[in-house]
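Under my numbering, the first residue of the sequence shown is numbered 3, with each subsequent residue one higher. Cβ atoms here follow ideal geometry from the backbone N, Cα and C, with glycine treated the same way.
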Amino acid sequence: MKRDLKKLARGTLTPSPRNRRKFKDKKRPRFLLCGISLALLLLFLAGCAEMPVYREEVFYPKIKQPAVTVKLLETDEDVVISPQESFAIRCFHQRGDRSVYYASASIQIRASENGIILSQWTQGQIETNLNKVSFFPQNDDSYLFLNGKPYRGALEVIMGWKNPVSLLTLNVVWVEDYLKGVVPAEIGKLGEEEIEALKAQAIAARTYSLSRLGQYKESGYDLEASVIDQVYDGVDGEDSTINEAIERTAGEVITYQGKLINAYYHANSGGRTEYIENVWGRQDAPYLISVEDNEFCSWAKNYSWEEIWGKEDLERNISTHLDTLGLLPQEGFGELINLVVKERSSSGRIQILEVAADSGTYRIYKDKIRWALRRGSDPDLILPSTLFDLEIERGFDDSIISVTARGYGNGHGVGMCQTGAIGMAREGYSYKDILTHYYSGVNIIKSY
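Structure below.
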């Protein structure tokens, strides 16, 4: 890793005019100017405001609004940030002042007990004891690269939260550009025939993003770049048809009684979506109800599934889940005796699963069942859905040998079914038809 970083970090760095005296005092070698004037620097920094440590609410003149801040990476290893052309670099010192540089080559960033260290292969250390470093591309169409992976917008590096010597890298990006890396990662790359489904996905993802602004404010970002929020793949994931769908619906969002909705979506409903209260217990979203979906999503490979566990596999998975919840007794889980479905919702999803073991009887509720059982084929993955039937194979002594689950759907089942949306698009439905089918009583408006 370090060898690769050194290869990336070769080039020349240019300090801003106000920093040159400091470099002379330190007997730094002469730097080659990148041709960006002080007047442009002042324009570039216009509108910036002081805020608390680790988080500065900055107006980014090169980034359109509304913008989102996305967590890309948290690591205790060095990171390298590179420009497609050139970039401005703003260093935020622990003592409160700032310094600004320009570069056309890569910058290496390292965490230390005393803060962030900024360096370049040809110049060595540039700055130390930093709270944050911000990187701004030369123009709107330029990319920045994080360890070789391209992103639109600006990049920020702050000290991480997992341990005192780690780095947290964030992407500050216009929401429309952010969606270009989200929609293909979430629904896949589709053709013109399915563009109405792509439009629906773009609007759902846009609504989700804007409704989540500030949700991790104390940590300094809005969204995770994973299934925790929405999978975000940056420029690498972009597709021309998807970009067209995003551009043709720019600014459109879903509202209910004048407010942005919680625009949840999932891969496959298994034939019917679910009321939100039957999945997570929330009852504040009357637009997230159960709707019939079988004719639109049954074509997909993830419509049905089967998982098989040996008894020991289930014992391990369930005991691990109970331990995570603090419910595992000191003597352990013991032998699995039985699994009984005690309650289902109107869509058929399991609401209560009763688990009997030597150590006692446990009840697992709603979507947590997916985490408790996990997959027999890969215990690192949760169960596809809670819409399934169980078949238990027992030995001559009535002890469990194996358990088979045969089910339908993939995901929590709340909101828009992505494969159902694709099916509707193929049948000639518009993106508004799709969204109002899955989100009951909503309006689709242009917010900007």
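Residues near residue i in its chain [Cβ-Cβ closer than 7 Å; skip 5 each side]
| i | result |
| --- | --- |
| PRO54 | Confidence is the limiting factor: at PRO54 the pLDDT is only 24, short of 50, which leaves the residue's position unreliable, though a coordinate-based value still follows. Result list for PRO54: empty, nothing under 7 Å. |
| LYS8 | Interpretation of LYS8 is limited by its pLDDT of 40, a score under 50 that renders its predicted location unreliable; the figure taken from the coordinates is listed afterwards. Closer than 7 Å at the Cβ level, and outside the excluded window around LYS8, lie TRP123. |
| LYS151 | GLY236 and ASP238 |
| ARG346 | ILE352 and GLN353 |
| GLY378 | GLU309, ILE310, TRP311 and ASP315 |
| ASP179 | ARG154 and GLY155 |
| HIS323 | TRP373 and ALA374 |
| ARG428 | GLU195 and GLU196 |
Short CB-CB distance (under 7 Å) between residue i and chain C
| i | result |
| --- | --- |
| ILE446 | Among the chains in the structure shown there is no chain C, since it carries only a single protein chain. |
Local conformation of residue i per DSSP, three classes
| i | result |
| --- | --- |
| GLY183 | helix |
| HIS414 | coil |
| GLU314 | helix |
| SER84 | strand |
| VAL237 | helix |
| ALA287 | coil |
| VAL175 | strand |
| ILE244 | helix |
| ARG30 | Its pLDDT being 37, under 50, ARG30 is placed unreliably by the model, and nothing is read from it. |
| ASN445 | strand |
| SER101 | strand |
| SER271 | coil |
| SER136 | strand |
| TYR258 | strand |
| TYR153 | strand |
| ARG377 | coil |
| THR71 | strand |
| GLU308 | strand |
| LEU330 | coil |
| LEU465 | What the structure shows of the chain is the stretch from 3 to 450, and residue 465 is not part of that stretch, so it cannot be assessed. |
| GLU76 | strand |
| GLU226 | strand |
| ILE384 | coil |
| ASN165 | coil |
| ILE371 | helix |
| LEU47 | Low confidence applies to LEU47: its pLDDT is 38, below 50, so where it sits in the model is not reliable enough to give any reading. |
| ILE278 | helix |
| TYR450 | coil |
| ASN131 | strand |
Residue range of the unbroken beta strand (DSSP E) whose run includes residue i
| i | result |
| --- | --- |
| GLY408 | In the sequence as displayed, the identity of residue 408 is Arg instead of Gly. It spans 402-410 - the beta strand (DSSP E) in which ARG408 sits, taken as one unbroken run. |
| ARG365 | 362-367 |
| THR421 | That residue, THR421, is in no beta strand (DSSP E); its alpha helix (DSSP H) goes 420-428. |
| TYR145 | TYR145 -> no beta strand (DSSP E), and no H or E assigned at all. |
| ILE91 | 89-95 |
Extent of the continuous alpha helix (DSSP H) run through residue i
| i | result |
| --- | --- |
| PHE298 | 296-299 |
| SER211 | 197-213 |
| LYS434 | 433-440 |
Residues sharing a beta bridge with residue i, DSSP
| i | result |
| --- | --- |
| VAL343 | LEU355 |
| ASP391 | ARG408 |
| GLN122 | GLY126 |
| GLY117 | SER114 |
| LEU170 | GLU76 and ILE160 |
| LEU338 | ALA359 |
Alpha-carbon spacing of residue i relative to residue j, whole angstroms
| i | j | result |
| --- | --- | --- |
| GLU337 | GLY413 | 30 Å |
| GLU395 | GLU317 | 15 Å |
| CYS36 | VAL82 | Note that CYS36 scores 37 on pLDDT, short of 50, meaning its location in the model is unreliable and no value can be drawn from it. |
| ASN133 | PHE147 | 21 Å |
| VAL185 | ILE160 | 27 Å |
| THR406 | ILE65 | 52 Å |
| LEU290 | SER136 | 39 Å |
| GLN217 | ASP241 | 29 Å |
| TYR56 | ILE109 | At TYR56, the pLDDT of 30 sits below 50, so the modelled position is not reliable and the matter cannot be decided from this model. |
| THR326 | HIS268 | 25 Å |
| ASP142 | ALA105 | 17 Å |
| GLY262 | ALA287 | The sequence shown places Leu at residue 262, rather than the Gly named in the question. Approximately 11 Å, taken between the alpha carbons. |
| THR388 | VAL281 | 9 Å |
| GLU87 | LYS73 | 24 Å |
| ASP224 | SER401 | 49 Å |
| ALA302 | ILE128 | 54 Å |
| LEU169 | GLY117 | 10 Å |
| PRO331 | SER442 | 44 Å |
| GLN285 | ARG365 | 22 Å |
| GLY253 | THR209 | 9 Å |
| ASP78 | ASN149 | 14 Å |
| LYS90 | ASP231 | Before going further, note that residue 90 is Ala rather than Lys in the sequence given. Those two C-alpha atoms are separated by around 30 Å. |
| SER300 | SER271 | 9 Å |
Cut-off 6 Å between Cβ atoms - residues of its own chain near residue i, not counting five sequence neighbours on either side
| i | result |
| --- | --- |
| ALA187 | VAL233, ASP235 and GLY239 |
| THR130 | ILE119 |
Cut-off 8 Å between Cβ atoms - residues of its own chain near residue i, not counting five sequence neighbours on either side
| i | result |
| --- | --- |
| ILE244 | LYS182, VAL185, PRO186, LYS191, LEU192, LEU200 and ALA204 |
| GLU276 | SER292, SER347, SER349, ARG351, HIS414, GLY415 and VAL416 |
| PRO68 | TRP176, VAL177, LEU212, LEU215 and TYR450 |
| ARG100 | ARG92, CYS93 and PHE94 |
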